[in-house]
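S.K.: Handing you this structure, nothing more for now.
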Amino acid sequence: PTRQFPTGAVLGLGRRRAILEWASERNAVIIEDDYDSEFRWGGRPIEPLKVLDREQRVIYVGSFSQTMVASFRLGYAVLPPSLVQPLIAAKALYEPVPPALLEQRALAKFMARGGYLRHLRRLTRLYGERHAFFVREMERELPETFIMQPGDAGLHIYATWKGNIESYERFKALALEEGVVFRDAMRYRLTPGPPAVCFGFAHLEKEEIQEGIRRMRLAWEKCIFSFR
1 PTRQFPTGAV
11 LGLGRRRAIL
21 EWASERNAVI
31 IEDDYDSEFR
41 WGGRPIEPLK
51 VLDREQRVIY
61 VGSFSQTMVA
71 SFRLGYAVLP
81 PSLVQPLIAA
91 KALYEPVPPA
101 LLEQRALAKF
111 MARGGYLRHL
121 RRLTRLYGER
131 HAFFVREMER
141 ELPETFIMQP
151 GDAGLHIYAT
161 WKGNIESYER
171 FKALALEEGV
181 VFRDAMRYRL
191 TPGPPAVCFG
201 FAHLEKEEIQ
211 EGIRRMRLAW
221 EKCIFSFR
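Residue numbers (the UniProt record's numbering): 1 to 228.
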């Protein structure tokens, strides 16, 4: 609810409460995966659904693979007290040895000394700058192609295509020929809608962003020519 994937939409307070009421009426448990919401550079911090959970029905899960490094295979779960021991028992069935004990201790010490919070702040500032730069360059160089959807968090940008499906597919193929790959967001839909994509930006330097957009500009010019 803090950042829906892939659109980045935020679930309003009314709908959050409605979900909790739904779970209460059905004696259900909600799993809240707060994926990549640690990186928020605009607007007010958004509290997770778990904060509103008065009946202990929400399992809040997260991972350090985005905030540290992808190979850092550590995650966590904030559980209702009644589910702690059942989960430990279930986990022991497929993973009897606790993973990465050395990494856990190092991370705990890093967090206790305040290093993790400082690290998050540095990354958030860096990713915020890259996000703004990507959007600015796209709107300057390729205003005819995508509508960049507003966002103030996360590691990708959701954008909708301005043209029809035929022109989008042609552009995507030509961009691939230029060495540019982006994630097709239409695969996440249950109902038809305009073509949409997810642009990753967090791993790119500004020069790489400019180069990628330059190549997409070439693909767009070829796309226009092919439809004439």
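Every residue gets a Cβ at the ideal spot worked out from N, C-alpha and C, and that includes glycine.
What do you get for Y158, buried or exposed, if any count of 16 or more other CB atoms within 10 angstroms of its CB means buried?
M.R.: As a first step, residue 158 must be located in the sequence shown, where it is residue number 158. Buried.
S.K.: DSSP state of V84, grouped into three classes?
M.R.: In the sequence shown, residue 84 corresponds to position 84, counting from 1. Helix.
S.K.: Tell me which same chain residues have a C-beta within less than 6 Å of the C-beta of C223, skipping the five on either side of it?
M.R.: The count along the sequence shown starts at 1 and reaches residue 223 at position 223. Result list for C223: R170, F171 and L174, in chain order.
S.K.: Should S24 go down as buried or exposed, given a rule of 16 or more other Cβ atoms within 10 Å for buried?
M.R.: On the sequence shown, position 24 is the one that residue 24 refers to. Its Cβ having fewer than 16 others within 10 Å, S24 is exposed.
S.K.: From P99 to I147, what does the alpha carbon distance come to, in whole angstroms?
M.R.: Working through the sequence shown from its first residue, we reach residue 99 at position 99. Working through the sequence shown from its first residue, we reach residue 147 at position 147. Each residue's alpha carbon lies about 43 Å from the other.
S.K.: Under the assumption that A185 contacts P45 (Cβ atoms under 8 Å), give the Cβ distance between them as a whole number of angstroms.
M.R.: Here residue 185 refers to the residue found at position 185 of the sequence shown. Here residue 45 refers to the residue found at position 45 of the sequence shown. The Cβ separation is near 26 Å, so there is no contact.
S.K.: Under the DSSP definition of a beta bridge, which residues are partnered with C198?
M.R.: Residue mapping note: residue 198 aligns to position 198 of the sequence shown, counting from 1. Y158 and R183.
S.K.: Exposed or buried, what is W161 when buried is set at 16 or more other beta-carbons lying within 10 Å of its beta-carbon?
M.R.: Numbered from its first residue, the sequence shown carries residue 161 at position 161. With 16 or more other Cβ atoms within 10 Å, it is buried.
S.K.: Report the start-end ranges of each beta strand (DSSP E) in the region 128-174 that is 3 residues or longer and not cut off at the edges.
M.R.: Counting whole runs of 3 or more residues, the region 128-174 contains the beta strand (DSSP E) stretches 146-148 and 156-161.
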